[in-house]
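Just so we're aligned, residue 65 is where the sequence shown starts under the working numbering, counting upward by one.
Just so you know, even glycine gets a beta-carbon here, dropped at the ideal spot from N, CA and C.
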Amino acid sequence: MPGARARAAARLTDLGYAAGWSAVKALPEPVARAAFDVGGRWAAGRGGRGVRQLRANLRVATGGRLDDDALDELTTRAVRSYARYWQEAFRLPRLGVQRVLAGTEMAGREHLEKARADDRGLIVALPHSGNWDAAGVWLVDWLGGPFTTVAERLRPESLYRRFVAYRETLGMRIVPLTGGPRPGSAVLREWLDGGGTVCLLVDRDLGTGGVPVQFFGRTATMPGGPAVLAEQTGAALHPAVSHFTEHGWRHVVHPEVAVAGPGRLRERVGAAMQGVADAFTRGIAEHPEDWHQLGRVWADVPPDPVVRG
Numbered sequence: 065m066p067g068a069r070a071r072a073a074a075r076l077t078d079l080g081y082a083a084g085w086s087a088v089k090a091l092p093e094p095v096a097r098a099a100f101d102v103g104g105r106w107a108a109g110r111g112g113r114g115v116r117q118l119r120a121n122l123r124v125a126t127g128g129r130l131d132d133d134a135l136d137e138l139t140t141r142a143v144r145s146y147a148r149y150w151q152e153a154f155r156l157p158r159l160g161v162q163r164v165l166a167g168t169e170m171a172g173r174e175h176l177e178k179a180r181a182d183d184r185g186l187i188v189a190l191p192h193s194g195n196w197d198a199a200g201v202w203l204v205d206w207l208g209g210p211f212t213t214v215a216e217r218l219r220p221e222s223l224y225r226r227f228v229a230y231r232e233t234l235g236m237r238i239v240p241l242t243g244g245p246r247p248g249s250a251v252l253r254e255w256l257d258g259g260g261t262v263c264l265l266v267d268r269d270l271g272t273g274g275v276p277v278q279f280f281g282r283t284a285t286m287p288g289g290p291a292v293l294a295e296q297t298g299a300a301l302h303p304a305v306s307h308f309t310e311h312g313w314r315h316v317v318h319p320e321v322a323v324a325g326p327g328r329l330r331e332r333v334g335a336a337m338q339g340v341a342d343a344f345t346r347g348i349a350e351h352p353e354d355w356h357q358l359g360r361v362w363a364d365v366p367p368d369p370v371v372r373g
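Structure, rendered in structure tokens:
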């Protein structure tokens, strides 16, 4: 009964996340951090498909300059960083807003302030780097209210709802990537038309209509949605890259990427997303160990092969 087995596996996945969430929140912070660090080292050594894809991605992000030992060491640090993200995700509501604010450095804040002073909506485009949820806590406090973001529809549905509820407790409004009562683009457009803020993770294209960009010198595709929304609503489009500090978080907001102007919309959207990719390239290159992209970014960069021995 494949269907029954699939449902049972999905239920176990959800229960596992729920148990982990409860257990980690109950642990003292030093214990939780140490445990997840050990888990990150173990996962890096195990070399699963996601870790091997991360290793391949990091080879590109570092320009192929690292020998095998150095690339292995960087990959291990990156998996440990990813483990830290999950440890903090499980504990973030318990940490509280004031703790997050005290541990946050926000470079480029003046770009956000200018968009608000000009009474414009704001689109923040981010890669999977550092702790973007912690950035969201800071942003909600700064805005004095929620922002809207898009969430991939996880399976099982109960796990998706769990993540939605978690992010809503942080002050975010969630629009599903697929399967919502209304098209997500329409919801985001209305929010921006009202002067709201939208945050989107865009370093990997999960759809079929991606925009070609040069990312670390190789052709990749990124969703064109951020640039299209900026054109449709007049919102300011700002790339931002997050990374960890020893005891907190640093987020760097880059200058606005222009979309409006002469020429065809398709060309302007492509140029704007290239500007986003360029900002990501600079930010990730400064802290590659905090880039948690375990998915395939470039069509010609598959996961590294399994190491036998």
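Neighbourhood of Pro-66 by C-beta distance below 6 Å, restricted to the same chain and skipping five residues each side: Walking along the sequence shown from the start, residue 66 turns up at place 2. Low local confidence applies: a pLDDT of 48 at Pro-66 is under 50, so the model's placement there is unreliable, and no value is given.
Of the residues Pro-303, Gln-357, Asp-364, which one's Cα is nearest the Cα of Leu-118? Working through the sequence shown from its first residue, we reach residue 118 at position 54. Considering only alpha carbons, the answer is Gln-357.
With a threshold of 16 other CB atoms inside 10 Å of the CB of Leu-241, please say whether the residue is buried or exposed. On the sequence shown, position 177 is the one that residue 241 refers to. Answer is exposed; the Cβ neighbour count stays below 16.
Can you tell me which of the three DSSP states Trp-255 falls into? By one-based count along the sequence shown, residue 255 stands at place 191. Helix, per DSSP.
To test your reading of the DSSP string, which unbroken beta strand (DSSP E) runs of 3 or more residues are found completely within the segment 176-203? 186-190
Determine the direct distance from the alpha carbon of Ala-229 to that of Glu-331, and round the result to whole angstroms. Here the question's residue 331 lines up with position 267 in the sequence shown. Here the question's residue 229 lines up with position 165 in the sequence shown. Rounded to the nearest angstrom, the two C-alpha atoms are 38 Å apart.
Mapping DSSP to helix, strand and coil, what is Val-333? Residue numbering aside, residue 333 sits at position 269 when the sequence shown is read from its first letter. Val-333 falls in the helix class under three-state DSSP.
For Val-316, does the three-state DSSP call read helix, strand or coil? Within the sequence shown, numbered from 1, the residue matching residue 316 stands at position 252. Of the three classes helix, strand and coil, the one that applies to Val-316 here is strand, per DSSP.
Endpoints, the beta strand (DSSP E) within which Val-115 is located: The count along the sequence shown starts at 1 and reaches residue 115 at position 51. Segment 113-125 is the alpha helix (DSSP H) holding Val-115; no beta strand (DSSP E) there.
Can you pull the DSSP bridge partners for His-302? By one-based count along the sequence shown, residue 302 stands at place 238. In DSSP, His-302 forms a bridge with Val-188.
Thr-126 versus Glu-320 - alpha carbon distance: For the purposes of this step, residue 126 is taken as residue 62 along the sequence shown, with counting starting at 1. For the purposes of this step, residue 320 is taken as residue 256 along the sequence shown, with counting starting at 1. One C-alpha to the other measures close to 26 Å.
Please report the distance separating the alpha-carbon of Leu-302 from that of Val-102. If you number the sequence shown from 1, residue 302 lands on position 238. If you number the sequence shown from 1, residue 102 lands on position 38. Here residue 302 is His; the residue named in the question, Leu, does not match the sequence. Their backbone Cα atoms lie some 36 Å apart in a straight line.
What is the C-beta distance between Asp-256 and Gly-208, in whole angstroms, given that I count them as a contact (C-beta under 8 Å)? As a first step, residue 256 is located in the sequence shown; it is residue number 192 there, counting from the start. As a first step, residue 208 is located in the sequence shown; it is residue number 144 there, counting from the start. The residue you asked about is not Asp; residue 256 is Leu in the sequence shown. Not confirmed; about 17 Å, so no contact.
Given that a residue counts as buried once 16 or more other Cβ atoms are within 10 Å of its Cβ, and exposed if not, what is Val-370? Here residue 370 refers to the residue found at position 306 when the sequence shown is read from its first residue. Under this definition Val-370 is an exposed residue.
So what does DSSP say about Pro-240, is it helix, strand or coil? Residue numbering aside, residue 240 sits at position 176 when the sequence shown is read from its first letter. If DSSP states are grouped into helix, strand and coil, Pro-240 belongs with the strands.
Counted within 10 angstroms of its Cβ, other Cβ atoms place Leu-138 as buried (16 or more) or exposed: Locating residue 138 in the sequence shown gives position 74, where the first residue counts as 1. Buried, by the Cβ-count rule.
For His-175, which residues in the same chain have their Cβ closer than 7 Å to its Cβ, ignoring the five residues on either side in sequence? The residue labelled residue 175 in the question sits at position 111 within the sequence shown. Cβ within range, chain order: His-302, Val-317, Pro-319, Glu-320.
In whole angstroms, give me the CA-to-CA distance for Ala-134 and Gly-109. Locating residue 134 in the sequence shown gives position 70, where the first residue counts as 1. Locating residue 109 in the sequence shown gives position 45, where the first residue counts as 1. Rounded to whole angstroms, Ala-134 to Gly-109 spans 14 Å at the Cα level.
Gly-359 to Phe-211, Cα distance in whole Å? What you label residue 359 is simply residue 295 of the sequence shown in a count that begins at 1. What you label residue 211 is simply residue 147 of the sequence shown in a count that begins at 1. C-alpha separation (whole angstroms): 26 Å.
For the alpha helix (DSSP H) holding Val-292, just list the boundary residues, first then last. As a working mapping, residue 292 is identified with position 228 in the sequence shown. Unbroken alpha helix (DSSP H) run through Val-292: 289-297.
Thinking C-alpha only, which one of Thr-272, Leu-190, Leu-91, Gly-114 is nearest Arg-346? Position 282 of the sequence shown, counting from 1, holds the residue named residue 346. Of Thr-272, Leu-190, Leu-91, Gly-114, the residue nearest in Cα terms is Leu-190.
Segment contact flag, the segment 187-205 with the segment 157-172, C-beta cutoff 8 Å, min 3 pairs: yes
Other residues of its chain near Val-333: CB distance less than 8 Å, five sequence neighbours each side excluded: The sequence position of residue 333 within the sequence shown is 269, counting from 1. So the qualifying residues of the chain are Val-275, Gly-288, Ala-291, Val-292, Glu-295, Val-323.
Let me confirm a value: Ala-147 is counted as buried when at least 16 other C-beta atoms fall within 10 Å, else exposed. Which label applies? Residue mapping note: residue 147 aligns to position 83 of the sequence shown, counting from 1. Buried, since its Cβ has 16 or more Cβ neighbours within 10 Å.
Distance between beta carbons of Ser-306 and Gly-194, contact taken as under 8 Å: Stepping through the sequence shown from its first residue, residue 194 is reached at position 130. Stepping through the sequence shown from its first residue, residue 306 is reached at position 242. About 3 Å; that satisfies the 8 Å criterion.
Using a threshold of 7 Å, state whether the C-beta atoms of Ala-120 and Val-365 are closer than that. Looking up residue 120 in the sequence shown gives position 56. Looking up residue 365 in the sequence shown gives position 301. Contact: yes.
Taking C-alpha atoms, which residue in His-192, Asp-183, Arg-158, Ala-181 lies nearest to Val-143? For the purposes of this step, residue 143 is taken as the residue at position 79 of the sequence shown. Of the listed residues, the one whose Cα sits closest to Val-143 is His-192.
Tell whether a beta-carbon distance below 7 Å holds between Val-251 and Ile-187. In the sequence shown, counting from the first residue as 1, residue 251 sits at position 187. In the sequence shown, counting from the first residue as 1, residue 187 sits at position 123. Their beta carbons are not under 7 Å apart, which means Val-251 does not touch Ile-187 by this criterion.
Give the DSSP-derived three-state secondary structure of Gln-357 in the structure shown. Position 293 of the sequence shown, counted from the start, is the residue given in the question as residue 357. Looking at Gln-357 - three-state DSSP - the assignment turns out to be coil, as it is neither helix nor strand.
Tell me whether the beta-carbon of Ala-353 lies closer than 7 Å to the beta-carbon of Arg-141. Looking up residue 353 in the sequence shown gives position 289. Looking up residue 141 in the sequence shown gives position 77. Residue identity differs from the one stated: residue 353 is Glu in this sequence, not Ala. Yes; because the gap between Cβ atoms is below 7 Å, this pair is in contact.
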